Every structure is written in structure tokens, then in C-alpha cells.
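Written below as C-alpha cells is the structure these notes are about.
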Amino acid sequence: MRKNLLKRIGRGIFLLGFALVFTQCEGGVNGADNTVVNDTNPYACIAANYPVEALSEAETDALIFMREEEKLAHDVYVKMYDKWGLQVFNNISQSESRHMAAVGNLIDKYGLTDPVGNNAEGVFGNETLAALYNTLINEGLASPVAALKVGAKIEDLDLSDLEEAMAKADNLDIQAVFGELARGSRNHLRAFMTNLENMGATYEPVYLSAAAFEAILAGSMETGPGLCGNCPNQGQGQGNGNCKNRNGRN
Numbered sequence: 003m004r005k006n007l008l009k010r011i012g013r014g015i016f017l018l019g020f021a022l023v024f025t026q027c028e029g030g031v032n033g034a035d036n037t038v039v040n041d042t043n044p045y046a047c048i049a050a051n052y053p054v055e056a057l058s059e060a061e062t063d064a065l066i067f068m069r070e071e072e073k074l075a076h077d078v079y080v081k082m083y084d085k086w087g088l089q090v091f092n093n094i095s096q097s098e099s100r101h102m103a104a105v106g107n108l109i110d111k112y113g114l115t116d117p118v119g120n121n122a123e124g125v126f127g128n129e130t131l132a133a134l135y136n137t138l139i140n141e142g143l144a145s146p147v148a149a150l151k152v153g154a155k156i157e158d159l160d161l162s163d164l165e166e167a168m169a170k171a172d173n174l175d176i177q178a179v180f181g182e183l184a185r186g187s188r189n190h191l192r193a194f195m196t197n198l199e200n201m202g203a204t205y206e207p208v209y210l211s212a213a214a215f216e217a218i219l220a221g222s223m224e225t226g227p228g229l230c231g232n233c234p235n236q237g238q239g240q241g242n243g244n245c246k247n248r249n250g251r252n
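Here it is in C-alpha cells:
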């Protein structure tokens, strides 16, 4: 009991420190992410400042899968922006690149084989994600509304998968990263839904429960201190954490 209590306390401390590093302003109608990045590998601190804990099979599988699922989101949004020019896709695709990097750092930290490697856009090792990519692209090319619904569906799926993965993970670094990915996805979902509402359309959840979906939409855009510190326990930060508005402009 005492050991579990100490671990929960430690997790809380690490999660708080991680929020100072990873937190992003991903909100508003354009899904803006105003993170200031002054380092080529802004999440390298994950390896240096979180304990190395034994990986369970479920945690290993989750890291491999989420690395490619974040790539799926990125690649689809790039295609949708190229086709329709909606700023929300451009902003959120950049956010997904950072999410990919965060999971990638955990894969490197634990010596796992990166499923992404040098794969081009639209190329996936996971056959299920490869098939889903093609389906989503075909759906999204139908119209701007269809594209926004694809965006909402991806975030719906991502949140459902992250919830399942976090329930099976207890490593501090994995909980921290997946928690921040979920926060970003909630903001992305709100942004896509706002765009759909502005076009007189909507989206019904496929993966999340109706109650969970409505609770997310009822919440406000989630923000934090931004990159106001390099890493936990490393002194003064290098980022200014500017989040002056919700339209992606500082």
C-alpha cells in the first residue's frame, strides 16, 4: 500500500513537471498550437528526466501503435489541407508532428524499433492503419464538410485508443505523454466541431461514448504554461509559452 501511494505521489510530481515542457495552446476555430520550440529535439528531456521502468507488453504495443496513429492523423490532415486549404488542417498537422516526436522519443528511450522510420506520407507498417488511411482520404476528398468530419473521426478514434492505452500503462513517462496527447486531441476535436457547426454540419461519435463526446464539447479549450521550462529539474526555460489568442497567431 505504501509503495503504491509513493508511486502515485511520484507520478503526480512528474506529470506536473512534464506539463511545463509539453503543454501547447491548441485551440479555437483553427486548432492553433503556439508552442515555441527552440530545440531540434524538444522532447529529449523525456529520456533524461523520467525513470526507466520495465515495459509491459501492453505498453510496448501501445507505443508502437500510437506512433503510427499520430502519423495517420498528420498524413491525413496534410492531404486535407492540400485539397481544401482549411487552416485548421495545417495547424493541427503541425501539432501531430510534435505528438509523433514525443512518442518517438519514448520508442528511442526504450530501445524499440520505430514503426515509422523513413516511411513516406500514407505508408504504414500496421495494416489496419494503412487501410484506414485510404478510407479516410477517400471520405475527406468528397467535400470540405466531409474532410472536417474525417478530422473529427480521427480525434474521436485517437481519444478512445489513448483512454484504453492509459488504463493499461503505469510508467510515468508513458502516462505523461499519452495524457498530453489526449489533451491535444480534445482541443482538436473541439476545433473540428466548431468548423463543422460554422458550416451548418455536425459529427456523431463513432468510438467515444455519446456522454464522453458531449463532455469534451462542453469543456473549454485546454491550455497550459507552454514551453516555459526546458525540462523538469533543469533550471530556467527557453520557451516563452506565448498563447495570446486562439487563432494561431502570437
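For the sequence shown, the working numbering assigns the number 252 to the last residue and increments by one with no breaks. Using N, Cα and C, we set each Cβ at its ideal position, and we do this for glycine too. In this text, all values refer to a predicted model and were calculated from it rather than measured experimentally.
When the Cα of E141 is compared with those of I218, A132, F180 and G153, which residue comes out closest? Position 139 of the sequence shown, counting from 1, holds the residue named residue 141. When only C-alpha atoms are compared, the closest one is G153.
Report the residue from L198, S222, A220 and D163 whose alpha carbon sits nearest the alpha carbon of Y209. Sequence index remark: in the sequence shown, residue 209 carries index 207 (1-based). Checking every option, the nearest Cα to that of Y209 belongs to D163.
Only counting the same chain, and skipping five residues up and downstream in sequence, which positions put a Cβ closer than 8 Å to that of E129? Locating residue 129 in the sequence shown gives position 127, where the first residue counts as 1. Closer than 8 Å at the Cβ level, and outside the excluded window around E129, lies no residue.
Between F67, M68 and G87, which lies nearest to L150 when the distance is taken from Cα to Cα? Your numbering for residue 150 matches position 148 in the sequence shown. Ranking F67, M68 and G87 by Cα distance to L150 puts G87 first.
Ordered along the chain, which non-local residues of its own chain (more than five positions away) have a Cβ less than 8 Å from that of F180? As a working note, residue 180 is residue 178 in the sequence shown. Excluding positions up to five away in sequence, the list reads A64, M68, L164, A167, M168 and A171.
Pairwise C-alpha distance: G33 and A148: Stepping through the sequence shown from its first residue, residue 148 is reached at position 146. Stepping through the sequence shown from its first residue, residue 33 is reached at position 31. A148 and G33: Cα-Cα distance of roughly 17 Å.
What three-state label does DSSP hand S162 in the structure shown? Along the sequence shown, one-based indexing puts residue 162 at 160. Helix, per DSSP.
N189 versus M82: straight-line alpha-carbon distance, rounded: As a working note, residue 189 is residue 187 in the sequence shown. As a working note, residue 82 is residue 80 in the sequence shown. Approximately 18 Å between the Cα atoms of the pair.
Applying the 10 Å Cβ sphere with the 16-neighbour rule, what's the burial state of P53? Along the sequence shown, one-based indexing puts residue 53 at 51. Flag for P53 reads exposed.
Throw me the rounded Cβ distance for the H76 and E98 pair, which I believe falls under 8 Å. One-based indexing of the sequence shown puts residue 76 at position 74. One-based indexing of the sequence shown puts residue 98 at position 96. The pair is a contact, with the Cβ atoms about 4 Å apart (cut-off 8 Å).
Select from A220, I66 and K85 the residue whose C-alpha is nearest the C-alpha of P146. Residue 146 sits at position 144 when you count from the first residue of the sequence shown. Minimum Cα distance to P146 is reached at K85.
State buried or exposed for S222, treating a residue as buried only when at least 16 other CB atoms are found within 10 Å of its CB. Taking the sequence shown and counting its residues from 1, the one referred to as residue 222 is at position 220. So S222 counts as exposed.
Just the C-alpha distance for H101 and D175, rounded to the nearest angstrom, thanks. Numbered from its first residue, the sequence shown carries residue 101 at position 99. Numbered from its first residue, the sequence shown carries residue 175 at position 173. Roughly 14 Å between the two C-alpha positions.
Measuring alpha carbon to alpha carbon, tell me which residue in G113, I139 and Y112 is nearest V125. Along the sequence shown, read from residue 1 onward, the residue named residue 125 stands at position 123. For the residues G113, I139 and Y112, the minimum Cα distance to V125 belongs to I139.
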